[in-house]
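Undergrad: For the sequence shown, our numbering assigns the number 1 to the initial residue and increments by one for each residue that follows.
Glycine included, every Cβ here is placed at the ideal spot set by N, Cα and C.
Once you've had a glance at the structure underneath, I'll fire off some questions.
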Amino acid sequence: MNRLLLFASDCGKVECLLNSFEKYFNVQVIESNYKQIVNEVLSKDTQCVFVTENSLKSQIIFNKFDKIRAAICYNQYFVQMCREHNDANVIIIPLDNIAQNVALHFAQGLSQAEFDTKTTPNHQRRVNKLNLIQ
Numbered sequence: 001m002n003r004l005l006l007f008a009s010d011c012g013k014v015e016c017l018l019n020s021f022e023k024y025f026n027v028q029v030i031e032s033n034y035k036q037i038v039n040e041v042l043s044k045d046t047q048c049v050f051v052t053e054n055s056l057k058s059q060i061i062f063n064k065f066d067k068i069r070a071a072i073c074y075n076q077y078f079v080q081m082c083r084e085h086n087d088a089n090v091i092i093i094p095l096d097n098i099a100q101n102v103a104l105h106f107a108q109g110l111s112q113a114e115f116d117t118k119t120t121p122n123h124q125r126r127v128n129k130l131n132l133i134q
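Structural data, given as structure tokens:
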């Protein structure tokens, strides 16, 4: 089974999506309280898929927390690049723009992608700079 992937939402339209996630991933569902989500991500050293109708607001809130790198993802390429290049630990899926089956592929991409520090050391330097300003 894949590593733990947190699933959270602040909207009520995700029941069907959650059922799909539970079939394919080791999922823990958590409340939509941002602070609780951040605590879970950091304490379990894992990633979170956050489904929302207001993605920009969520990205701003998440990125106010130390050691959280949240990114709005509109396609699979964004998911992969955010994880590999910026060590994103929260991806935000705007449910009003993304079909539920596509969101499932995003979660799969997040669970499989790793932060790439071996082939390109610039990635680690970028994250170090981000950590300095937090």
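(1) Using the rule of at least 16 other Cβ atoms within 10 Å of the residue's Cβ for burial, across every protein chain shown, is Cys48 buried or exposed?
(2) Write down every uninterrupted run of the alpha helix (DSSP H) in the stretch 74-130 whose length is 4 residues or greater and which is fully enclosed by it, in chain order.
(3) Less than 7 Å between C-beta atoms, sequence neighbours within five positions excluded: which residues of the same chain meet that for Ile30?
(4) My assumption, with CB atoms under 8 Å, is that Leu4 sits in contact with Asn33. Please give the rounded CB distance.
(5) Within a Cβ cutoff of 6 Å, which residues of the same chain sit near Ala113, ignoring the five residues on either side of it in sequence?
(6) Is the beta carbon of Arg69 less than 9 Å from the beta carbon of Leu132?
(7) Apply the 10 Å Cβ neighbour rule to Asn99 and answer buried if 16 or more other Cβ atoms are within range, or exposed otherwise.
(8) Output needed for Ser111: all residues of its chain with C-beta closer than 8 Å, excluding positions within five of it in sequence on either side, in chain order.
(9) How many Å lie between Leu104 and Arg125 at the Cα?
(10) Let me check understanding here. Comparing Cα to Cα, which of Pro121, Gln108, Asn128 lies closest to Glu22?
(11) Could you tell me the distance, in whole angstroms, from the CA atom of Lys67 to the CA atom of Ser20?
TA: According to the structure shown:
(1) Mapped onto the sequence shown, residue 48 falls at position 48. Buried is the call here.
(2) 76-86, 100-112
(3) Numbered from 1 along the sequence shown, position 30 holds the residue referred to as residue 30. Excluding positions up to five away in sequence, the list reads Leu6, Ala8, Gln36, Ile37, Glu40.
(4) Residue 4 sits at position 4 when you count from the first residue of the sequence shown. Residue 33 sits at position 33 when you count from the first residue of the sequence shown. Between Asn33 and Leu4 the Cβ distance is about 19 Å, and since that is not below 8 Å, they are no contact.
(5) The count along the sequence shown starts at 1 and reaches residue 113 at position 113. The residues are Gln80, Arg83, Glu84.
(6) The residue given as residue 69 occupies position 69 in the sequence shown. The residue given as residue 132 occupies position 132 in the sequence shown. Cβ atoms of Arg69 and Leu132: not closer than 9 Å.
(7) One-based indexing of the sequence shown puts residue 99 at position 99. It should be noted that the sequence gives Ala, not Asn, for residue 99. Classification of Ala99: exposed, given that the 10 Å Cβ count is below 16.
(8) Walking along the sequence shown from the start, residue 111 turns up at place 111. Only Asn2, Arg3, Leu5, Phe25, Gln47 meet the Cβ criterion.
(9) Residue numbering aside, residue 104 sits at position 104 when the sequence shown is read from its first letter. Residue numbering aside, residue 125 sits at position 125 when the sequence shown is read from its first letter. One C-alpha to the other measures close to 31 Å.
(10) Numbered from 1 along the sequence shown, position 22 holds the residue referred to as residue 22. Among Pro121, Gln108, Asn128, the Cα nearest to that of Glu22 belongs to Gln108.
(11) The residue given as residue 67 occupies position 67 in the sequence shown. The residue given as residue 20 occupies position 20 in the sequence shown. Answer to the nearest angstrom: the Cα atoms are 29 Å apart.
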